[in-house]
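Participant: Just so you know, full-length UniProt numbering puts 299 at position 299 of the sequence shown, and the rest follows in order with no gaps.
The beta carbon of each residue, even a glycine, is placed where N, CA and C say it ideally should be.
Predicted, not measured: the structure shown is a model, and the values here were computed from it.
This is the structure I want to talk about, given as structure tokens.
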Amino acid sequence: MTNPVVAIVGRPNVGKSTIFNRIVGERISIVEDVPGVTRDRIYSSAEWLNHKFYLIDTGGIDIGDEPLLVQIRQQAEIAIDEADVIIFMVNGRDGVTAADEEVAKILHRSNKPVVLAVNKIDNPEMRDLIYDFYALGFGDPYPISGSHGTGLGDLLDAVARHFPKRGQEEYEEDVIKFCLIGRPNVGKSSLVNAILGEERVIVSDIAGTTRDAVDTTFVREGQEYVIIDTAGMRKRGKIYESTEKYSVLRALKAIERSDVVLVVLNAEEGIIEQDKKIAGYAHEAGRGVIIVVNKWDAIEKDDKTLIEFERKIRDHFPFLDYAPIIFVSAKTKQRLHKLLPLVRMVSENHAMRVQTNVLNEVIMDAVAMNPTPTHNGRRLKIYYMTQVAVKPPTFVVFVNDPELMHFSYERFLENRIRDAFGFEGTPIKIIARPRK
């Protein structure tokens, strides 16, 4: 199951960004006492009492017809569509305004769970201000203070009560789940159709036409796969923006449910900064990664083109040096027959276990070849290593003092593990712990 999504919604200047920052624990949103300063929805991961969730900070909703306010209302409506639970925030000092009532109408139509938060209740004497807000029809209002951080625990308790119960896994353990991520118009939907061999996903040349997550299960050479594509028609004819921020949460949710992530690049346009950000989500999530260069048929090539493009990828994505690269064309089906075997190999590596005795033979040989470093006259001592998890493969190395484990030596050990066991396509985590 994916983590639930919580959206903070309300008219401008009620303190949504301040509360967002309080909950996620860092100043991600711009906080400024000017209505409408939060123009785009901003996403972050958050956690409350072992409940992990995504939090969306929206621009305000207002009943005016100014272009900015119309835009903010549209973005808030998108956030409402994406959310499992909505925090409806109002300003306790202003009382119920016409704009609050307009927001309430939108929320009542959404049929989503709504928790009403009355902000700027900065001291106990102000609690009486919350009673007017019962008229909005969302049950008990929760008094909070963004400036002091009070009341957030009760608010988040109420939000968490609406989270879906954690159930069993959606698919069997041996099913390989993979997704395609990338900026708009790199050809993700065309690739899905080419892999499946049928027109299962709407394909358009207009960037941003893919809207919802769609799972497609299929079997190839006896192996069952689930392809998770952020695909679908626009909801209810609304105008959805095709900016980077729209695709972020969709990509995060798809990555979270996948074993392997295909980072899709557009050969015609080359590599841009947004590609690196999107690829970083897959790496940080610890998923297996394949870099797929699509539209390879569309560029003029000589005998050096592929090598040069591969070099550029390695230069721009040094954190994905473990990821295989494949050059394909959804249009001509070039090399597509190699894609699923590559997905299968990376999935197997992502779930690979290494026996402790074999692992330690490799580590001891590595230490003999390149002795451990010293710091302030003290030398790092490695006693043994063991694998503690898969997906991604995670190793604990027991040492005399974890502070002596320099990142460069950790990198050396990772490279020796990769030389010995492969692990192509999957990140590796190494954790140094003191021997008790």
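Quick one: measure Cβ to Cβ for Val-90 and Ala-158, integer angstroms, because I've assumed they're closer than 8 Å.
Facilitator: Contact flag wrong, Cβ pair sits at about 15 Å.
Participant: Which first and last residues belong to the beta strand (DSSP E) in which Thr-386 is found?
Facilitator: Residues 382-389.
Participant: So within the region 264-294, which uninterrupted alpha helix (DSSP H) runs reach at least 4 residues, ignoring any that extend past its ends?
Facilitator: Qualifying alpha helix (DSSP H) stretches, in chain order: 273-284.
Participant: Just the C-alpha distance for Ile-428 and Thr-2, rounded to the nearest angstrom, thanks.
Facilitator: When rounded, the distance between both Cα atoms is 23 Å.
Participant: Using the C-alpha atoms, what's the distance from Val-5 back to Pro-141?
Facilitator: Answer to the nearest angstrom: the Cα atoms are 21 Å apart.
Participant: Determine the DSSP secondary structure at Leu-180, reduced to helix, strand or coil.
Facilitator: In this structure, Leu-180 counts as strand in the three-state DSSP scheme.
Participant: Got a sec, what are the start and stop residues for the alpha helix (DSSP H) Lys-52 sits in?
Facilitator: Note, Lys-52: premise wrong, no alpha helix (DSSP H); beta strand (DSSP E) at 51-57.
Participant: Let's test the definition: count the other Cβ atoms within 10 Å of the Cβ of Leu-49 and tell me whether it reaches 16, buried, or not, exposed.
Facilitator: So Leu-49 ends up on the exposed side.
Participant: Under the DSSP definition of a beta bridge, which residues are partnered with Glu-348?
Facilitator: Per DSSP, none; premise fails for Glu-348.
Participant: Going by alpha carbons, who is nearest to Ala-368 out of Lys-333, Asn-400, Phe-412 and Val-346?
Facilitator: Taking only the C-alpha atoms, the option nearest Ala-368 is Phe-412.
Participant: List the whole-angstrom C-beta distance separating Phe-423 from Met-352, where the pair is believed to meet the contact cut-off of C-beta under 8 Å.
Facilitator: 7 Å between Cβ atoms; contact.
Participant: Whose CA, out of Gly-137, Tyr-281 and Asn-185, lies closest to the CA of Glu-102?
Facilitator: That would be Gly-137, whose Cα lies nearest to the Cα of Glu-102.
Participant: What do you get for Tyr-131, buried or exposed, if any count of 16 or more other CB atoms within 10 angstroms of its CB means buried?
Facilitator: Exposed is the call here.
Participant: Here's the rule I'm using: 16 or more other beta-carbon atoms within 10 Å means buried, otherwise exposed. How should Tyr-134 be labelled?
Facilitator: Classification of Tyr-134: exposed, given that the 10 Å Cβ count is below 16.
Participant: When you compare only the Cα positions, how much space is there between Lys-436 and Pro-402?
Facilitator: Roughly 12 Å separates the two Cα atoms.
Participant: For the region 122-195, list the beta strand (DSSP E) runs that are entirely contained and at least 3 residues long, ordered along the chain.
Facilitator: Qualifying beta strand (DSSP E) stretches, in chain order: 176-181.
Participant: If I'm right that Ile-255 touches Ala-285 with Cβ under 8 Å, what's the distance once you round it to whole angstroms?
Facilitator: Contact flag correct, Cβ pair sits at about 5 Å.
Participant: Hey, is the region 75-86 in contact with the region 107-124, meaning 3+ C-beta pairs nearer than 8 Å?
Facilitator: The region 75-86, when compared against the region 107-124, does touch it at the 8 Å Cβ threshold.
Participant: If you follow the beta strand (DSSP E) that Lys-429 is in, where does it begin and where does it stop?
Facilitator: First-last of the beta strand (DSSP E) with Lys-429: 429-434.
Participant: Between Val-354 and Gly-425, is the Cβ-Cβ spacing less than 8 Å?
Facilitator: No, they are not a contact pair.
Participant: Whole angstroms is fine: what's the gap from Phe-20's alpha carbon to Ala-7's?
Facilitator: Going from the Cα of Phe-20 to the Cα of Ala-7 covers about 10 Å.
Participant: Between the Cα of Glu-82 and the Cα atoms of Ala-104, Ile-291, Phe-53 and Pro-393, which residue gives the shortest distance?
Facilitator: Cα-wise, what sits closest to Glu-82 is Phe-53.
Participant: Please report how far the alpha carbon of Asn-400 lies from the alpha carbon of Val-219, in whole angstroms.
Facilitator: Taking the straight line from one Cα to the other gives about 49 Å.
Participant: Which class does Asn-400 belong to by DSSP, given the choice of helix, strand or coil?
Facilitator: Reduced to three states, the DSSP call for Asn-400 is coil.
Participant: Measuring CB to CB, does Val-260 end up less than 8 Å from Val-175?
Facilitator: Their beta carbons are not under 8 Å apart, which means Val-260 does not touch Val-175 by this criterion.
Participant: For Asn-91, which three-state DSSP category applies?
Facilitator: In this structure, Asn-91 counts as strand in the three-state DSSP scheme.
Participant: What is the DSSP secondary structure of Asn-119, counted as helix, strand or coil?
Facilitator: Strand, per DSSP.
Participant: What did DSSP end up calling residue 503 once you bin it into helix, strand or coil?
Facilitator: What the structure shows of the chain is the stretch from 1 to 436, and residue 503 is not part of that stretch, so it cannot be assessed.
Participant: Output needed for Gln-223: all residues of its chain with C-beta closer than 7 Å, excluding positions within five of it in sequence on either side, in chain order.
Facilitator: Here the set comprises Ile-176 and Arg-344.
Participant: Smallest Cα separation from Thr-150: which of Ile-23, Asp-297, Leu-404 and His-283?
Facilitator: Minimum Cα distance to Thr-150 is reached at Ile-23.
Participant: So, using beta-carbon positions, are Phe-317 and Lys-276 closer together than 8 Å?
Facilitator: Result yes, Cβ atoms of Phe-317 and Lys-276 sit closer than 8 Å.
Participant: Do His-337 and Gly-288 have their C-beta atoms closer together than 8 Å?
Facilitator: Going by C-beta atoms, His-337 is not nearer than 8 Å to Gly-288.
Participant: So, helix, strand or coil for Ser-258, using DSSP?
Facilitator: Looking at Ser-258 - three-state DSSP - the assignment turns out to be coil, as it is neither helix nor strand.
Participant: Which residues in the same chain as Thr-372 place their Cβ atom closer than 8 Å to its Cβ, once the five residues preceding and following it in sequence are excluded?
Facilitator: Correct list, in chain order: Arg-379, Leu-380, Lys-381, Ile-382, Leu-404 and Tyr-409.
Participant: Return helix, strand or coil for Tyr-322, following the three-state DSSP convention.
Facilitator: Tyr-322: coil per DSSP, three-state reduction.
Participant: Can you list, in chain order, the residues of its chain whose CB lies under 8 Å from that of Val-390, leaving out five sequence neighbours each side?
Facilitator: Same-chain partners within the cutoff: His-350, Ala-351, Met-352 and Arg-353.
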